[in-house]
Amino acid sequence: MKSHNEVAQEFNKQLKDRIMSQLRVQLPQAVFTYVDVYAVKYALISNAKTQGFVDPMNFCCGSCMKEPLVNGTVCDHPSLHISWDGTHYSEAANFWVASHILNGSFSDPPLPIHKACQFVIIP
19 MKSHNEVAQE FNKQLKDRIM SQLRVQLPQA VFTYVDVYAV KYALISNAKT
69 QGFVDPMNFC CGSCMKEPLV NGTVCDHPSL HISWDGTHYS EAANFWVASH
119 ILNGSFSDPP LPIHKACQFV IIP
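Residue numbers (our numbering): 19 to 141.
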(Lines of atoms letter the chains of each structure in order from A and count residues from 1; the text may use other names and numbers.)
(Lines give C-alpha, C1' and ligand atoms only; values in the text may rest on other atoms or scores of the structure.)
Protein backbone atom coordinates (compact mmCIF):
# COMPACT_ATOMS: atom_id res chain seq x y z
CA MET A 1 0.00 0.00 0.00
CA LYS A 2 2.90 2.35 0.68
CA SER A 3 3.80 2.63 -2.99
CA HIS A 4 0.22 3.61 -3.91
CA ASN A 5 0.27 6.32 -1.25
CA GLU A 6 3.62 7.61 -2.48
CA VAL A 7 2.34 7.75 -6.07
CA ALA A 8 -0.77 9.66 -4.95
CA GLN A 9 1.31 12.13 -2.96
CA GLU A 10 3.74 12.70 -5.83
CA PHE A 11 0.88 13.19 -8.29
CA ASN A 12 -0.73 15.76 -5.98
CA LYS A 13 2.59 17.55 -5.48
CA GLN A 14 3.13 17.84 -9.23
CA LEU A 15 -0.46 18.94 -9.80
CA LYS A 16 -0.15 21.66 -7.16
CA ASP A 17 3.23 22.78 -8.54
CA ARG A 18 1.76 23.04 -12.04
CA ILE A 19 -1.22 25.07 -10.82
CA MET A 20 1.02 27.40 -8.83
CA SER A 21 3.86 27.86 -11.29
CA GLN A 22 2.15 27.65 -14.66
CA LEU A 23 -1.60 28.09 -14.69
CA ARG A 24 -1.71 31.03 -12.29
CA VAL A 25 0.98 32.78 -14.35
CA GLN A 26 -0.48 31.91 -17.76
CA LEU A 27 -4.04 32.79 -16.73
CA PRO A 28 -3.74 35.68 -14.25
CA GLN A 29 -7.46 36.54 -14.48
CA ALA A 30 -8.48 33.00 -13.52
CA VAL A 31 -8.78 31.84 -9.95
CA PHE A 32 -7.47 28.39 -9.12
CA THR A 33 -8.02 26.60 -5.85
CA TYR A 34 -6.06 23.45 -5.19
CA VAL A 35 -7.57 20.95 -2.73
CA ASP A 36 -5.43 18.11 -1.44
CA VAL A 37 -8.07 15.38 -1.12
CA TYR A 38 -5.41 12.82 -0.20
CA ALA A 39 -4.38 14.96 2.78
CA VAL A 40 -8.00 15.41 3.89
CA LYS A 41 -8.69 11.67 3.84
CA TYR A 42 -5.32 10.88 5.44
CA ALA A 43 -6.09 13.34 8.24
CA LEU A 44 -9.43 11.66 8.87
CA ILE A 45 -7.99 8.14 8.90
CA SER A 46 -4.99 9.17 11.03
CA ASN A 47 -7.19 10.90 13.59
CA ALA A 48 -10.30 8.74 13.37
CA LYS A 49 -10.76 8.21 17.09
CA THR A 50 -10.24 11.87 18.02
CA GLN A 51 -12.80 12.80 15.35
CA GLY A 52 -15.43 10.49 16.85
CA PHE A 53 -14.98 7.47 14.59
CA VAL A 54 -14.02 3.90 15.46
CA ASP A 55 -10.84 2.26 14.18
CA PRO A 56 -10.66 3.12 10.44
CA MET A 57 -9.96 -0.54 9.61
CA ASN A 58 -13.22 -1.56 11.29
CA PHE A 59 -15.63 -1.54 8.34
CA CYS A 60 -19.38 -1.28 8.77
CA CYS A 61 -20.68 -4.11 6.61
CA GLY A 62 -18.02 -6.22 4.97
CA SER A 63 -14.94 -5.81 2.85
CA CYS A 64 -14.12 -5.16 -0.82
CA MET A 65 -10.57 -6.46 -0.55
CA LYS A 66 -9.14 -9.30 -2.69
CA GLU A 67 -11.79 -11.72 -1.48
CA PRO A 68 -14.96 -9.71 -0.91
CA LEU A 69 -16.80 -10.39 2.31
CA VAL A 70 -20.31 -9.07 2.29
CA ASN A 71 -22.64 -10.27 4.97
CA GLY A 72 -25.67 -8.21 3.96
CA THR A 73 -26.11 -6.56 7.34
CA VAL A 74 -25.24 -3.05 8.40
CA CYS A 75 -23.40 -2.36 11.62
CA ASP A 76 -25.35 -0.94 14.56
CA HIS A 77 -23.82 2.56 14.35
CA PRO A 78 -22.81 3.38 10.76
CA SER A 79 -22.14 7.03 11.62
CA LEU A 80 -19.17 5.91 13.73
CA HIS A 81 -17.47 4.21 10.79
CA ILE A 82 -15.32 5.83 8.13
CA SER A 83 -15.96 3.12 5.57
CA TRP A 84 -18.75 0.75 4.68
CA ASP A 85 -16.47 -1.85 3.14
CA GLY A 86 -12.89 -0.60 3.05
CA THR A 87 -13.47 1.28 -0.20
CA HIS A 88 -16.62 3.37 0.06
CA TYR A 89 -16.83 6.14 2.66
CA SER A 90 -19.80 6.38 4.97
CA GLU A 91 -22.11 9.40 4.98
CA ALA A 92 -20.48 10.62 8.20
CA ALA A 93 -16.97 10.34 6.75
CA ASN A 94 -18.00 12.07 3.51
CA PHE A 95 -19.56 14.86 5.59
CA TRP A 96 -16.30 15.27 7.55
CA VAL A 97 -14.24 15.35 4.33
CA ALA A 98 -16.62 17.80 2.61
CA SER A 99 -16.72 20.09 5.65
CA HIS A 100 -12.93 20.32 5.75
CA ILE A 101 -12.71 20.94 2.02
CA LEU A 102 -15.40 23.62 2.14
CA ASN A 103 -13.86 25.42 5.13
CA GLY A 104 -10.55 25.73 3.27
CA SER A 105 -8.47 23.66 5.70
CA PHE A 106 -6.83 21.71 2.88
CA SER A 107 -6.96 24.30 0.11
CA ASP A 108 -4.44 26.58 -1.51
CA PRO A 109 -5.23 29.36 -1.00
CA PRO A 110 -6.65 28.36 2.41
CA LEU A 111 -10.02 30.06 2.07
CA PRO A 112 -13.52 28.82 2.85
CA ILE A 113 -15.41 28.11 -0.36
CA HIS A 114 -17.83 30.99 0.22
CA LYS A 115 -14.88 33.42 0.19
CA ALA A 116 -13.03 31.70 -2.65
CA CYS A 117 -16.01 31.95 -5.01
CA GLN A 118 -16.79 35.45 -6.11
CA PHE A 119 -19.65 35.85 -8.48
CA VAL A 120 -19.49 38.82 -10.80
CA ILE A 121 -22.53 39.79 -12.79
CA ILE A 122 -21.55 41.47 -16.02
CA PRO A 123 -24.29 43.77 -17.33
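Note that beta-carbon positions come from the ideal geometry of N, C-alpha and C, so glycine has one too. The structure presented is a predicted model; accordingly, all values stated were derived computationally and were not measured.
- Sequence-distant partners of C93 (beyond 5 residues in either direction) whose C-beta falls short of 7 Å from its own C-beta, in its chain, are C78, C79 and H99.
- For the set M75, P127 and Y52, the Cα lying nearest the Cα of F29 is the one of Y52.
- Membership of I37 in any alpha helix (DSSP H) is not indicated, and neither H nor E is assigned to it by DSSP.
- In this structure, N23 is the residue among H132, N23 and D103 with its C-alpha nearest to the C-alpha of V55.
- In this structure F124 is in contact with A57, their Cβ atoms being roughly 5 Å apart against a cut-off of 8 Å.
- The Cβ neighbour count for S39, taken over all protein chains shown within 10 Å, is under 16; the residue is labelled exposed.
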